[in-house]
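With positions in the sequence shown counted from 1, the corresponding number in our numbering is that position plus 219. Just so you know, even glycine gets a beta-carbon here, dropped at the ideal spot from N, CA and C.
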Amino acid sequence: IEAIGPLESHGKFGGLKRRQITLVDNEGYELKFLLWGEQIVLADLF
220 IEAIGPLESH GKFGGLKRRQ ITLVDNEGYE LKFLLWGEQI VLADLF
């Protein structure tokens, strides 16, 4: 994991949350993922 972005709130009442993470392999390739809702809760457990 190279970077974990801040928790962002979206929607009229901020009920929709997302977080971006960036993974980098040994060869330097980057993969960016967006986590939404319950995925963020699960990711916070690790």
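- Taking C-alpha positions only, I223 is separated from F232 by approximately 24 Å.
- For the pair K236 and I259, the CB atoms are nearer than the 7 Å cut-off.
- Note: E221 is not bridge-paired with any residue in the DSSP secondary-structure output.
- Counting the other Cβ atoms within 10 Å of the Cβ of L254 gives 16 or more, which makes it buried.
- Residue range E257 to A262 is occupied by the alpha helix (DSSP H) that includes L261.
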